[in-house]
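So the protein lines, in turn, are chains A and W.
The number in the numbering used here is simply the position in the first sequence, starting from 1, with 3 added.
The number in the numbering used here is simply the position in the second sequence, starting from 1, with 510 added.
Cβ atoms here follow ideal geometry from the backbone N, Cα and C, with glycine treated the same way.
Structure first, then comments.
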Amino acid sequence: MATPPTRTDALVHARGLTKRFDKLVAVDAIDFDVQRGEAFGFLGPNGAGKTSTMRMIGCVSSPSGGELRVLGLNPLTDGPRIRARLGVVPQADTLDMELRVDENLLTYARYFDIPRNVARARTEELLEFVQLKDRARDEVEPLSGGMKRRLTIARALVNEPGLLLLDEPTTGLDPQARHLVWDRLYRLKQQGVTIVLTTHYMDEAEQLCDRLVVMDKAKIVASGSPRSLIDQYSTREVLELRFPIDAAPALDGKLDGIAERVEVLPDRVLLYAHDGDAAATAVHQRGLRPESTLVRRSTLEDVFLRLTGRSLIE
Amino acid sequence: MTGAVRVLEHHLTVYRRTWKGSMFVSFASPILFLAAIGVGLGSLIARGPVHTVGGVSYLTFLAPGLLAATAMQTAFVETTYPVMAKIQWLRTYDGMLATPITVRAVLGGEIGWLVIRLATSAFAFFLVMLIFGTVHSALALLMIPVVVLNGLAFGAPIFAFTATQRKDKAFPTIGRFIITPMFLLGGVFFPIQQLPQVAQAIAWATPLAHSVVLSRSLAIGGMNPSAALDLAVLAAYATLGIVAVSITLPRRLVR
Numbered sequence: 004m005a006t007p008p009t010r011t012d013a014l015v016h017a018r019g020l021t022k023r024f025d026k027l028v029a030v031d032a033i034d035f036d037v038q039r040g041e042a043f044g045f046l047g048p049n050g051a052g053k054t055s056t057m058r059m060i061g062c063v064s065s066p067s068g069g070e071l072r073v074l075g076l077n078p079l080t081d082g083p084r085i086r087a088r089l090g091v092v093p094q095a096d097t098l099d100m101e102l103r104v105d106e107n108l109l110t111y112a113r114y115f116d117i118p119r120n121v122a123r124a125r126t127e128e129l130l131e132f133v134q135l136k137d138r139a140r141d142e143v144e145p146l147s148g149g150m151k152r153r154l155t156i157a158r159a160l161v162n163e164p165g166l167l168l169l170d171e172p173t174t175g176l177d178p179q180a181r182h183l184v185w186d187r188l189y190r191l192k193q194q195g196v197t198i199v200l201t202t203h204y205m206d207e208a209e210q211l212c213d214r215l216v217v218m219d220k221a222k223i224v225a226s227g228s229p230r231s232l233i234d235q236y237s238t239r240e241v242l243e244l245r246f247p248i249d250a251a252p253a254l255d256g257k258l259d260g261i262a263e264r265v266e267v268l269p270d271r272v273l274l275y276a277h278d279g280d281a282a283a284t285a286v287h288q289r290g291l292r293p294e295s296t297l298v299r300r301s302t303l304e305d306v307f308l309r310l311t312g313r314s315l316i317e
Numbered sequence: 511m512t513g514a515v516r517v518l519e520h521h522l523t524v525y526r527r528t529w530k531g532s533m534f535v536s537f538a539s540p541i542l543f544l545a546a547i548g549v550g551l552g553s554l555i556a557r558g559p560v561h562t563v564g565g566v567s568y569l570t571f572l573a574p575g576l577l578a579a580t581a582m583q584t585a586f587v588e589t590t591y592p593v594m595a596k597i598q599w600l601r602t603y604d605g606m607l608a609t610p611i612t613v614r615a616v617l618g619g620e621i622g623w624l625v626i627r628l629a630t631s632a633f634a635f636f637l638v639m640l641i642f643g644t645v646h647s648a649l650a651l652l653m654i655p656v657v658v659l660n661g662l663a664f665g666a667p668i669f670a671f672t673a674t675q676r677k678d679k680a681f682p683t684i685g686r687f688i689i690t691p692m693f694l695l696g697g698v699f700f701p702i703q704q705l706p707q708v709a710q711a712i713a714w715a716t717p718l719a720h721s722v723v724l725s726r727s728l729a730i731g732g733m734n735p736s737a738a739l740d741l742a743v744l745a746a747y748a749t750l751g752i753v754a755v756s757i758t759l760p761r762r763l764v765r
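Rendered as structure tokens:
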């Protein structure tokens with residue numbers, strides 16, 4: 004039997020971690036451990052406390068309470084030493100618009116005291132890695148959102164960090180750009196980089212995270228692997244029904260017993276069932292005529308809905 | 511210390527792309543002012559009832575004052591919009607602070623950069639003064655550190671103020687109600703003694719008036735009995751400003 008991980012094994016160790024801004028409690032006494040080599044996610048809606056948590060891990064914001072160790076060190080006293088070994092992709096790109104693409108990496112490398120010749124070699128490598136090599140001498144501004152994001156990721160890797168923090172890495176990107184980012188992050192994970200990310204996209208969490216915690220209103224409401232969370236909090240399948248707008252009140256009670264659980268959302272009704280097709284048949288047998296029916300697998304979105312009664316993205 | 515040097519390096523990397531325009535302005539602006547007002551208006555004064563101002567030609571009187579005022583304006587420009595951009599619009603400082611760079615290093619780099627900008631533009635101005643023949647003393651080179659200190663006396667407090675701002679709307683107000691009136695009334699274009707008593711008192715409470723008289727005495731070579739007081743006022747403003755920004759900038763950047 005494996006021994007439970009001790010404190011020193013975890014790259015990030017938090018107990019009762021709290022962040023307050025005046026009276027607002029942004030992070031309310033959360034516990035978590037990030038193990039070496041894993042991809043760990045914070046999933047939750049905007050305002051759940053994800054970014055505040057990331058900023059504390061990144062040693063740019065000090066905890067108001069609780070215990071936090073990053074890379075075995077104390078962020079309050081060892082901030083610069085910890086940051087020297089972190090890669091940080093903030094929510095909003097902080098690229099230098101006054102510098103070229105390659106200069107962004109070269110200048111950033113200097114903040115880590117990386118010698119110029121090493122920085123130059125690494126810049127070339129990293130631009131290749133994020134597929135921006137042919138834009139090396141271009142200005143940053145005309146780059147697309149996806150390219151800027153990749154450049155930010157390349158910049159975060161310039162000090163060859165063992166721990167990479169990404170705050171909403173693909174928010175605002177189109178699907179193709181997102182997949183490219185995911186692919187690069189997956190490769191980094193394969194190379195042994197530990198990844199901590201926040202997201203409000205369930206598909207991103209499912210794609211990338213080995214383990215995640217679901218955050219809502221400054222607290223962790225559930226934790227586990229994406230699969231285990233779905234198994235624990237949802238059914239195997241979900242039947243989505245759409246009814247004409249004014250038909251909703253007439254549904255009262257008519258769906259009882261068909262599924263384990265029924266969620267009535269403003270635009271649709273979700274039936275949580277082990278067998279979605281069987282549930283759909285049962286709905287029709289009761290004489291209900293939805294405008295559309297869709298059977299799909301449960302996702303983390305359903306987990307979130309179950310845990311909080313709300314959708315992730317409103 | 512290395513951190514501050516790295517922040518300074520960032521400035522130099524950016525400046526490498528803009529130095530030509532910046533240097534052009536550093537030379538063109540004093541040439542235009544000295545030609546138009548110093549020589550143009552000065553020749554009228556030479557023909558008039560007073561002929562000279564404070565015993566020297568108007569051009570010689572004007573040049574050191576303009577040098578001091580230029581440092582004030584450079585400091586104002588450098589510590590408002592560019593700082594705001596780095597705090598908020600481009601978040602350059604946030605990017606730096608995600609690395610081993612500390613807020614203290616950011617501050618050190620910024621102040622260091624301000625000193626370099628002030629010194630280089632003052633040196634350019636000094637060369638223009640040499641060309642116009644308004645330097646009459648070997649001590650005149652000391653004007654450069656004096657006006658750098660003057661620049662800090664304005665720049666550091668304004669930097670501290672900028673770090674407290676969420677929007678840029680206060681900057682034009684500073685320009686209109688502080689910088690421009692000082693430029694016009696702070697002893698650059700005519701002796702402060704010409705002002706009404708109240709205005710004189712206000713003028714002497716600002717760093718510019720002290721920096722102007724100090725620079726003027728160094729350029730002309732005359733004795734200035736109040737030099738120690740002038741320097742003390744400049745140093746006091748600069749020190750207070752640096753203390754203030756050491757409080758406001760960390761408060762803004764580290765939440």
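TODO: Go through its chain and collect everything with a Cβ distance to residue 757 of chain W's Cβ below 7 Å, but skip five positions before and after it.
DONE: none
Task: Proximity test, Cβ basis, 7 Å: residue 570 of chain W and chain A - done: no
TODO: Please work out which residues of its chain come closer than 8 Å, Cβ to Cβ, to residue 639 of chain W, disregarding the five sequence neighbours upstream and downstream, and give them in chain order.
DONE: 540, 544, 573, 574, 577, 645, 650, 729
Open item on the list: Cβ closer than 8 Å: which chain A residues qualify as neighbours of residue 604 of chain W?
Closed with: 63, 93, 97
TODO: Identify the continuous alpha helix (DSSP H) that holds residue 189 of chain A and give its terminal residues.
DONE: Per DSSP, residue 189 of chain A belongs to the alpha helix (DSSP H) from 178-193.
Task: Three-state secondary structure assigned by DSSP to residue 16 of chain A - done: strand
Open item on the list: For the beta strand (DSSP E) containing residue 321 of chain A, name the first residue and the last one.
Closed with: Given a span of 4 to 317 for chain A in the structure shown, any question on residue 321 of chain A remains unanswerable.
Task: Simplified DSSP assignment, three categories, for residue 10 of chain A - done: At residue 10 of chain A the pLDDT is 48, less than 50, meaning the model places this residue with poor confidence and gives no usable figure here.
- [ ] Output the distance between the C-alpha atoms of residue 35 of chain A and residue 655 of chain W, rounded to the nearest integer angstrom.
- [x] 55 Å
Task: Local conformation of residue 299 of chain A per DSSP, three classes - done: Strand, per DSSP.
Task: Where residue 39 of chain A sits in the DSSP three-state scheme - done: coil
TODO: Less than 8 Å between the CB atoms is what I'm expecting for residue 37 of chain A and residue 15 of chain A, so what's the real figure, rounded?
DONE: 4 Å
TODO: Please determine if the stretch 78-86 of chain A and the stretch 297-311 of chain A are in contact, where contact requires at least 3 C-beta pairs separated by less than 8 Å.
DONE: no
Open item on the list: Please state the DSSP three-state secondary structure of residue 23 of chain A.
Closed with: strand
Task: Cβ separation of residue 589 of chain W and residue 665 of chain W, assumed to be a contact under 8 Å, to the nearest whole Å - done: That belief holds up - the Cβ atoms of residue 589 of chain W and residue 665 of chain W are roughly 5 Å apart, short of 8 Å.
TODO: Answer with yes or no whether the minimum CB distance from residue 225 of chain A to chain W is below 7 Å.
DONE: The beta carbon of residue 225 of chain A does not come within 7 Å of any beta carbon belonging to chain W, so the residue lies off that interface.
Open item on the list: Could you check whether the Cβ of residue 87 of chain A sits closer than 7 Å to any Cβ belonging to chain W?
Closed with: yes
Open item on the list: Less than 7 Å between the C-beta atoms of residue 68 of chain A and residue 200 of chain A, yes or no?
Closed with: Result no, Cβ atoms of residue 68 of chain A and residue 200 of chain A do not sit closer than 7 Å.
Task: Span separating the alpha-carbon of residue 523 of chain W from that of residue 722 of chain W - done: 33 Å
Open item on the list: Give me the chain W residues within the contact set of residue 83 of chain A, using Cβ-Cβ distance strictly less than 7 Å, ordered along the chain.
Closed with: 610, 612
Open item on the list: Checking 7 Å against the spacing of the C-beta atoms, do residue 237 of chain A and residue 306 of chain A come in under that value?
Closed with: yes
TODO: Report yes if the C-beta distance between residue 52 of chain A and residue 17 of chain A is below 7 Å; otherwise report no.
DONE: no
Task: Beta carbon proximity, residue 100 of chain A to chain W, threshold 7 Å - done: Answer yes: the Cβ-Cβ gap between residue 100 of chain A and chain W drops below 7 Å somewhere.
- [ ] Out of A:152, A:209, A:175, A:289, state which residue places its alpha-carbon closest to the alpha-carbon of residue 187 of chain A.
- [x] A:152
TODO: Look at the Cβ atom of residue 97 of chain A, then the Cβ atom of residue 676 of chain W, and state whether they are nearer than 7 Å.
DONE: No, Cβ-Cβ distance for residue 97 of chain A and residue 676 of chain W is not below 7 Å.
Open item on the list: For residue 10 of chain A and residue 301 of chain A, I'd like the C-alpha separation in whole angstroms.
Closed with: Residue placement at residue 10 of chain A cannot be trusted, given a pLDDT of 48 that sits under 50; what the coordinates show is reported in the next sentence. About 34 Å.
Open item on the list: Give me, in chain order, the residues of the same chain whose beta-carbon lies closer than 6 Å to that of residue 86 of chain A; leave out the 5 immediate sequence neighbours on both sides.
Closed with: Around residue 86 of chain A: 62.
Task: With 16 other Cβ atoms within 10 Å as the buried cut-off, status of residue 740 of chain W - done: buried
Open item on the list: Mapping the DSSP letters down to three states, classify residue 69 of chain A as helix, strand or coil.
Closed with: The answer is strand: DSSP assigns residue 69 of chain A an E or B state.
Task: Extent of the continuous alpha helix (DSSP H) to which residue 159 of chain A belongs - done: 148-159
- [ ] Could you work out which residues of chain A lie near residue 520 of chain W, taking near to mean beta carbons separated by less than 7 Å?
- [x] 110
Open item on the list: Please classify residue 22 of chain A as buried or exposed, where buried requires at least 16 other C-beta atoms within 10 Å of its C-beta.
Closed with: Per the 10 Å Cβ criterion, buried.
Task: Backbone CA spacing between residue 39 of chain A and residue 168 of chain A [nearest angstrom] - done: For residue 39 of chain A and residue 168 of chain A, the distance between alpha carbons rounds to 13 Å.
Task: DSSP bridge partner residues for residue 55 of chain A (one or two, in chain order) - done: Answer by DSSP bridge pairing: none, since residue 55 of chain A is not bridged.
TODO: Mark residue 611 of chain W as exposed unless 16 or more other C-beta atoms lie within 10 angstroms of its C-beta, in which case mark it buried.
DONE: Residue 611 of chain W is classed as buried because its beta carbon has at least 16 other beta carbons within 10 Å across all chains shown.
Open item on the list: Which residue marks the beginning of the alpha helix (DSSP H) containing residue 617 of chain W, and which one marks its end?
Closed with: Run containing residue 617 of chain W: 613-641, per the alpha helix (DSSP H) assignment.
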